[in-house]
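Remarks on the structure that follows.
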Amino acid sequence: MAKRSRRKLRARAIDAVPPSEPPMRPGIIGLSRTVPGTIAKPPYAESGDPGPSVTSPVRTADEIAAMRNTGAVAAEVLMIAGESVRPGITTDEIDAVVHEATLNRGAYPSPLNYRGFRKSVCTSVNEVICHGIPDDRPLDDGDIINIDVTVFKDGVHGDNSCMFVVGETDEHSQKLVNETYVAMMAGIKTVRNGSKVNDIGRAIERHARSHNLGVVREFIGHGVGTEFHTSLQIPHYYDPRANQEIRTGMSFTVEPMLTLGDPSLYLWEDEWTALTQDGRRSAQFEHTLIATDDGFELMTVTSDGSFAAQMYDGVAVG
Ligand code: MF3
Ligand code: CO
Ligand code: CO
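Numbering (my numbering), first residue to last: 8 to 325.
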């Protein structure tokens with residue numbers, strides 16, 4: 008009985024948020040951008056097939072040093088991409104910005120031909136949850152966009168993403184964006200040698216629930232290092248089976264996707280673009296980090312410690 012009335016309350020809160028208008032539609036996708044032969048490419052760059060994951064969840068000291076550098080490049084490129092966000096810019100133009108900024112730093116844009124992905128970055132607008140393919144759609148005032156930048160340099164990947172608001176947006180969307188950042192950080196802050204993988208999802212889910220936001224279950228954080236995605240899985244919800252202990256030197260992403268409504272999703276025919284079924288908006292942030300003896304170290308920060316999502320540090324929560 009108590010259960011049923013709680014569900015009613017929750018349903019009412021969701022109904023108060025309208026679907027995003029106008030709905031997102033597939034656009035025209037331009038040609039893949041080219042990478043000069045002087046840039047070192049990851050093994051899948053030619054075939055599109057990364058093969059099975061074979062690497063350990065723990066990085067060597069040399070790999071961690073490389074990940075600091077590569078992570079800083081990923082953070083810089085994401086900030087540059089964010090500065091390009093304005094009404095009228097197309098997501099393909101953002102792809103060009105990311106591609107050029109990545110090559111200029113001697114790095115390879117990891118999404119390019121990863122499992123056949125045709126562009127150099129993922130751009131996910133409004134009700135697109137993740138893996139949006141840059142196309143000819145211009146950004147509109149009030150849109151929210153996730154830009155997900157991954158770069159490969161010195162044999163390792165750095166993977167990070169951030170939400171950007173185009174001009175000003177509505178109250179629901181702004182709250183979604185702010186609280187998704189807080190949820191990511193709540194998950195990250197559980198990490199230390201000896202903590203459990205599912206402490207991360209527990210903290211994220213608790214924060215999402217306290218703001219009546221949904222948590223996407225189909226896409227999860229992942230181990231990252233010499234491989235873009237290792238077999239280590241980081242759910243963003245509480246999964247009792249994800250009780251693996253986190254150890255110093257483990258490297259992975261935390262990248263929760265939170266929704267204003269039901270987090271159920273579907274894919275476009277491109278087999279990449281994931282959207283909410285109910286058309287309500289979704290937000291995501293992502294960092295690559297390494298677990299340490301007493302906490303964590305963010306890899307996706309510049310050498311002076313800055314990163315795009317810093318603008319959400321200290322956002323009013325409540
Ligand atoms: N960067 C995404 C992640 O966070 C993966 C994108 S795969 C791509 O894991 F092929 F779409 F680029
Ligand atoms: Co990732
Ligand atoms: Co990513």
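We put the CB at the ideal spot given by N, CA and C, even for glycine.
Check	Outcome
Sheet register partners of P118 (DSSP bridge)	Beta-bridge pairing links P118 to no other residue.
With 16 other Cβ atoms within 10 Å as the buried cut-off, status of I227	buried
Sheet register partners of I151 (DSSP bridge)	V172
Y115 classed as buried or exposed, judged by whether at least 16 other C-beta atoms fall within 10 angstroms	buried
Same chain, Cβ closer than 6 Å to F124, five either side skipped, listed in chain order	P118
R254 versus R199 - alpha carbon distance	7 Å
Sequence ranges, alpha helix (DSSP H) only - wholly within the segment 188-256, length at least 4	204-217
Any heavy atom of ligand 3 nearer than 7 Å to the CB - residues listed	C129, D155, T157, D166, N167, S168, T260, E262 and E293
D148 to V132 span [Cα, whole Å]	12 Å
Other residues of its chain near P64: CB distance less than 7 Å, five sequence neighbours each side excluded	G230, T237, L239 and M257
Per-residue burial, Q284 [other beta carbons within 10 Å of its own, 16 or more giving buried]	exposed
Assumed close pair G139, M74 - CB separation to whole angstroms, cut-off 8 Å	With a Cβ gap of about 26 Å, G139 and M74 do not count as contacting.
Coil, strand or helix - G55 by DSSP	coil
Own chain residues within Cβ distance below 6 Å of S202, not counting five before or after	I253
Which of helix, strand or coil DSSP assigns to N133	coil
DSSP state of P43 mapped onto helix, strand, coil	coil
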